[in-house]
Amino acid sequence: MSPLPKAAPLPPVLALDGVTKVFPGVRALSEVSLALYPGTVTALVGENGAGKSTVVKILTGIYQPDGGAIRVDGQPATFPTAQAAADAGITAIHQETVLFDELSVAENIYLGHAPRGRFGLIDTAAMHRKAAEILHSIEADIDPATPLRDLGIASKHLVAIARALSIDARVVIMDEPTAALSHKEITELYDLVDKLKQQGKAVLFISHKFDEIFRIADRYTVFRDGQFVGDGAIADVTQSQLVQMMVGRSVDHIFPARAKAPGAEVLRVVGYDHPTEFADIGFSLRRGEILGFYGLIGAGRSEFMQALFGITRPSKGAIRIDDKVRVIRSPADAVANGIVYVPEDRGKQGAITALPIFQNVTLPSLGKTSRSGFLRLAEEFKLARDYTARLDLRAASLDQPVGNLSGGNQQKVVIAKWLATQPKVIILDEPTKGIDIGSKAAVHEFMAELAAQGLAVIMVSSEIPEVLGMSDRVIVMREGRIVAEVSGDQMTPETLVRHAAGIGED
Amino acid sequence: MTVTDRHIPDRLQSPLQRRLRSWETLLLAVAVAIFTFNAFASPYFLNAWNLSDATFNFTEKAMIAFAMALLIIAGEIDLSVAAIIALASTAMGAAAQFGAPTLLLVLIGLAVGLACGAFNAVLVTVMGLPSIVVTIGTMSLFRGISYIVLGDTAYGGYPKGFKVFGQGYVWWVFSWELVIFVALALAFGVLLHLTNFGRAVYAIGNNATGALFSGIRVQRVKFILFLLTGLMSGVASVCLTSRLGSTRPSIGLGMELEVVTMVVLGGVNILGGSGTIPGVVIAAVVMGLVTFGLGLLNVPGIVMSIVIGLLLIGVIALPRLWAMWRR
Numbered sequence: 001m002s003p004l005p006k007a008a009p010l011p012p013v014l015a016l017d018g019v020t021k022v023f024p025g026v027r028a029l030s031e032v033s034l035a036l037y038p039g040t041v042t043a044l045v046g047e048n049g050a051g052k053s054t055v056v057k058i059l060t061g062i063y064q065p066d067g068g069a070i071r072v073d074g075q076p077a078t079f080p081t082a083q084a085a086a087d088a089g090i091t092a093i094h095q096e097t098v099l100f101d102e103l104s105v106a107e108n109i110y111l112g113h114a115p116r117g118r119f120g121l122i123d124t125a126a127m128h129r130k131a132a133e134i135l136h137s138i139e140a141d142i143d144p145a146t147p148l149r150d151l152g153i154a155s156k157h158l159v160a161i162a163r164a165l166s167i168d169a170r171v172v173i174m175d176e177p178t179a180a181l182s183h184k185e186i187t188e189l190y191d192l193v194d195k196l197k198q199q200g201k202a203v204l205f206i207s208h209k210f211d212e213i214f215r216i217a218d219r220y221t222v223f224r225d226g227q228f229v230g231d232g233a234i235a236d237v238t239q240s241q242l243v244q245m246m247v248g249r250s251v252d253h254i255f256p257a258r259a260k261a262p263g264a265e266v267l268r269v270v271g272y273d274h275p276t277e278f279a280d281i282g283f284s285l286r287r288g289e290i291l292g293f294y295g296l297i298g299a300g301r302s303e304f305m306q307a308l309f310g311i312t313r314p315s316k317g318a319i320r321i322d323d324k325v326r327v328i329r330s331p332a333d334a335v336a337n338g339i340v341y342v343p344e345d346r347g348k349q350g351a352i353t354a355l356p357i358f359q360n361v362t363l364p365s366l367g368k369t370s371r372s373g374f375l376r377l378a379e380e381f382k383l384a385r386d387y388t389a390r391l392d393l394r395a396a397s398l399d400q401p402v403g404n405l406s407g408g409n410q411q412k413v414v415i416a417k418w419l420a421t422q423p424k425v426i427i428l429d430e431p432t433k434g435i436d437i438g439s440k441a442a443v444h445e446f447m448a449e450l451a452a453q454g455l456a457v458i459m460v461s462s463e464i465p466e467v468l469g470m471s472d473r474v475i476v477m478r479e480g481r482i483v484a485e486v487s488g489d490q491m492t493p494e495t496l497v498r499h500a501a502g503i504g505e506d
Numbered sequence: 001m002t003v004t005d006r007h008i009p010d011r012l013q014s015p016l017q018r019r020l021r022s023w024e025t026l027l028l029a030v031a032v033a034i035f036t037f038n039a040f041a042s043p044y045f046l047n048a049w050n051l052s053d054a055t056f057n058f059t060e061k062a063m064i065a066f067a068m069a070l071l072i073i074a075g076e077i078d079l080s081v082a083a084i085i086a087l088a089s090t091a092m093g094a095a096a097q098f099g100a101p102t103l104l105l106v107l108i109g110l111a112v113g114l115a116c117g118a119f120n121a122v123l124v125t126v127m128g129l130p131s132i133v134v135t136i137g138t139m140s141l142f143r144g145i146s147y148i149v150l151g152d153t154a155y156g157g158y159p160k161g162f163k164v165f166g167q168g169y170v171w172w173v174f175s176w177e178l179v180i181f182v183a184l185a186l187a188f189g190v191l192l193h194l195t196n197f198g199r200a201v202y203a204i205g206n207n208a209t210g211a212l213f214s215g216i217r218v219q220r221v222k223f224i225l226f227l228l229t230g231l232m233s234g235v236a237s238v239c240l241t242s243r244l245g246s247t248r249p250s251i252g253l254g255m256e257l258e259v260v261t262m263v264v265l266g267g268v269n270i271l272g273g274s275g276t277i278p279g280v281v282i283a284a285v286v287m288g289l290v291t292f293g294l295g296l297l298n299v300p301g302i303v304m305s306i307v308i309g310l311l312l313i314g315v316i317a318l319p320r321l322w323a324m325w326r327r
């Protein structure tokens with residue numbers, strides 16, 4: 001199937017050979033193959049539901065395959081437990097890697113295999129020294145004695161990587177490692193992956209971001225709907241070929257074309273201040289406009305949006321809606337004034353996952369569907385039916401809990417919920433984070449449609465192609481302040497990154 | 001993306017089908033079984049007046065349990081309810097010593113209940129303290145005040161008209177308490193299951209953050225629920241004080257646990273998010289029947305407390321077994 005690639009002349013350290021995994025009613029993996037070579041980064045590419053996480057769980061001993069073989073150095077192997085996989089030198093770094101907040105960095109790195117001193121007690125001094133060496137080798141400027149809870153998410157990733165190195169892992173699996181990282185942190189992670197390569201580790205890299213895959217991967221393997229589609233050297237494919245393999249169709253344009261004719265001003269924010277999160281935020285927004293907010297993680301974008309939505313209160317500042325001064329003290333006020341917010345954290349903030357779809361959709365609109373405070377289920381179902389149909393929701397029934405839906409469909413429920421309130425301004429916070437490419441395109445097209453219908457859209461996004469592809473104007477924030485507003489020809493990746501990172505200002 | 005003519009059905013399972021497979025149905029079967037068992041075990045059971053007497057075993061607790069059910073579904077709890085009964089009863093007793101008329105006594109009882117509920121509500125919703133800790137504290141506080149006022153004495157001397165709430169009958173064997181119980185069951189059933197407010201309670205209990213982000217005034221809803229629970233404790237205090245005809249500081253001691261037991265037995269998730277008023281009604285009847293049946297069989301008090309203890313453990317274990325059976 002795949003001739004021995006010239007990039008990796010060595011035999012695979014770890015391979016899946018025709019592996020099948022069946023869950024009740026679902027064939028998650030169907031005779032898939034995957035080979036990881038020493039000193040090579042292999043990108044595993046596929047839409048959500050392609051079977052990537054199932055593969056990770058099989059490789060780390062959490063699931064057992066129902067058919068096919070796992071091979072370590074060409075020999076058949078089984079991983080009945082997570083420990084067995086770890087013993088074989090396989091380690092995984094997830095988005096939420098299991099680390100312990102209350103322990104120190106060194107303890108986290110050496111948990112379970114700490115150097116022992118006399119009487120079998122843990123040799124703390126040796127542990128700290130060795131941890132410092134490993135951290136130094138990956139150029140992580142972290143004191144091994146620091147409690148883990150004091151570290152940011154990026155530093156925690158570094159600790160997880162240090163832990164992987166400390167157990168002398170031969171295979172490192174990285175499952176969307178950059179999802180929560182800022183631009184600078186991502187660059188550092190790339191350097192680190194290069195180092196792992198030099199040390200001869202086999203790296204399995206799972207990501208939704210193509211620029212990333214082309215930047216660091218040597219090889220690729222594509223899955224679609226639990227089946228192996230193809231593999232090869234990254235140098236031999238183009239981005240669009242890879243997308244085509246992934247989705248099984250060609251994706252000609254990713255972002256919808258839009259007529260740019262914004263209408264009257266609908267929202268004006270003046271001098272919004274918060275004691276710690278942001279300062280002096282001011283801008284105006286017109287009907288039919290998509291305004292992008294770009295910045296690094298921690299730039300204060302979400303914090304500002306949540307203040308605009310009434311979750312937190314600004315210490316100073318004013319807003320005008322349709323040229324009238326309004327005070328927003330709670331989300332209920334915001335909704336009443338036509339401002340709605342689609343949060344980044346769908347599971348916790350966006351939807352009430354245990355409640356049925358129709359109840360999620362009607363929750364902020366109960367005033368409309370009810371009569372003098374009494375529920376009218378027929379009206380609720382009608383409203384839910386109308387708006388979920390507009391978003392092309394895929395579900396078994398409107399009575400089904402939202403938690404049973406895929407991420408993309410959950411997002412559609414959240415958006416439907418807000419559209420049902422007939423808002424003036426919709427704020428979308430990282431609207432396509434963690435959803436597959438098909439749903440992503442649907443969300444983008446829908447945003448364009450909303451703007452065309454006269455809704456004002458604010459989009460917070462950390463993905464530069466999305467910001468540039470969708471926005472009419474982009475506001476860049478850094479350290480809680482607006483540092484630039486760009487539009488037209490100025491909207492280039494370089495400008496955004498430069499402003500967001502604070503490089504090269506005059 | 002092409003818009004396909006995709007139709008999503010409203011429901012796959014009719015509400016009736018769902019009801020037949022519910023916890024309430026199982027509980028109803030248990031109630032019928034206990035009723036039948038009692039009828040065979042004791043010749044005195046199937047007597048209208050005896051059954052009427054049996055309702056006093058649960059009516060006062062159930063009045064509080066309805067409000068408590070909403071509070072627990074919303075993810076909070078109030079353990080001070082029995083102490084509110086004591087404080088409200090003490091206030092009414094003190095007023096009775098000055099010759100206050102029946103109507104004023106009732107208003108005082110309800111007002112004290114409401115005030116205690118408001119005190120809990122402010123501590124939990126305005127100051128953001130955890131309700132379990134706050135109400136354990138106010139449990140000691142409210143009853144403590146009763147002890148300071150009364151010491152080892154008791155208030156009596158309630159006016160004749162006051163007796164009607166705990167000892168009067170509306171018609172034949174139907175007592176005032178039973179009628180109040182039925183009226184409150186209906187009122188709370190409607191509030192929880194048929195109104196926007198009830199929907200907000202479920203939303204908050206399942207995910208308070210998500211409810212807030214959906215424009216629900218979460219703290220306001222919780223505030224109202226604490227007020228309601230306090231008010232219902234006041235109602236229960238009027239009934240209990242009227243039935244006993246006197247007030248000691250130990251009145252209703254430990255009743256909060258029986259109220260919580262009733263709510264949880266009724267299928268309300270102690271962690272919030274789910275449960276129904278019909279479930280609590282049936283649970284109230286079940287607990288009343290068990291207590292009454294054991295009494296008729298001359299089971300000594302110590303054994304009765306063992307049975308109540310087993311019932312409590314059963315309440316926690318049964319949902320698990322129920323979930324396994326359904327699978």
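Same order as they appear, the protein sequences are chains Y and Z. FYI, the numbering for the first sequence is 1 to 506, going by the working numbering. FYI, the numbering for the second sequence is 1 to 327, going by the working numbering. Every residue, glycine too, gets a C-beta built ideally from N, C-alpha and C.
- In this structure Y/M174 touches Y/F205 by the C-beta definition: roughly 5 Å separates them, less than 8 Å.
- Close to chain Y, meaning a Cβ-Cβ distance shorter than 8 Å, are the following residues of the stretch 215 to 238 of chain Z: G215, I216 and R217.
- When Cβ pairs closer than 8 Å are counted between the two stretches, the stretch 78 to 95 of chain Z is seen to touch the stretch 120 to 137 of chain Z, the count reaching three or more.
- One Cα belongs to Y/I427, the other to Y/P343, and the distance between them is close to 8 Å.
- Around Z/N50, no beta-carbon contact reaches into chain Y at under 9 Å, the shortest distance being about 39 Å.
- In this model, Y/E449 and Y/R346 are separated by some 22 Å (Cα to Cα).
- The C-beta of Y/P38 comes no closer than 8 Å to any C-beta of chain Z.
- Here Z/G266 really is in contact with Z/V280; their C-beta atoms are around 4 Å apart, less than 8 Å.
- For Y/T388, the residues of chain Z that pass the 7 Å Cβ criterion are I8, in the order they occur in the chain.
- Residues of the stretch 68 to 82 of chain Z whose Cβ lies closer than 8 Å to any Cβ of chain Y: none.
- Think of a sphere of 9 Å around the beta carbon of Y/K417: the chain Z residues whose beta carbon falls inside it are S214, in chain order.
- By the neighbour-count criterion, in which a residue is buried when 16 or more other Cβ atoms sit within 10 angstroms of its Cβ, Y/D399 is buried.
- About 13 Å separates the Cβ atoms of Y/V460 and Y/M447, ruling out a contact at the 8 Å cut-off.
- In this structure, the CA atom of Y/L296 is about 12 Å from the CA atom of Y/I475.
- The bridge partners DSSP lists for Y/E265 are Y/R286.
- As for any alpha helix (DSSP H) of minimum length 4 sitting wholly inside the stretch 138 to 202 of chain Y, the runs are 153 to 166 and 183 to 198, ordered along the chain.
- Here Z/I77 carries a coil assignment [DSSP, helix/strand/coil].
- Annotated three-state conformation of Y/D218 is coil, per DSSP.
- Closer than 8 Å to the CB of Y/L383 there is not a single CB belonging to chain Z.
- Taking Z/W49 as the centre and dropping the five residues before and after it, the same chain places the C-beta of V173 closer than 7 Å to its C-beta, in chain order.
- Contact check for Y/Y341 against Y/F309 passes: the beta carbons are separated by less than 8 Å.
- Cβ-Cβ distances below 6 Å link Y/A69 to D17 and P76 in the same chain, with the five nearest sequence neighbours on each side left out; the list follows chain order.
- Taking CB atoms only, Z/G275 has no neighbour in chain Y less than 8 Å away.
- Using a Cβ-Cβ cut-off of 8 Å, Y/S406 does not count as an interface residue toward chain Z, since no Cβ of chain Z sits closer than that to its own.
- Taking all protein chains shown into account, Y/R329 has fewer than 16 neighbouring C-beta atoms within 10 Å of its C-beta and is therefore exposed.
- Y/Q64 carries a coil assignment under DSSP once its states are collapsed to helix, strand and coil.
- In this structure, the straight-line span from the alpha carbon of Y/K197 to that of Y/V172 is close to 10 Å.
- Counting only the Cα atoms, Y/K21 lies some 14 Å from Y/T78.
- Note that the C-beta distance between Y/L393 and Y/K424 is not below 8 Å.
- Shown here for Y/L34: same chain residues with a beta carbon closer than 6 Å to its own, the five before and five after excluded, namely L16 and T221 in chain order.
- Here Z/M324 is exposed, its C-beta having fewer than 16 other C-beta atoms within 10 Å.
- The beta carbon of Y/R320 sits closer than 6 Å to those of R268, all from its chain and outside the five residues before and after it, given in chain order.
- Chain Y places no beta carbon closer than 8 Å to that of Z/T125, leaving this residue out of the contacts.
- Collapsing the DSSP output to three states places Y/M459 in a strand.
- With 16 or more other CB atoms across the displayed protein chains lying within 10 angstroms of its CB, Y/I234 is buried.
- Going by DSSP, Z/Y202 is part of the alpha helix (DSSP H) stretching over N196 to N206.
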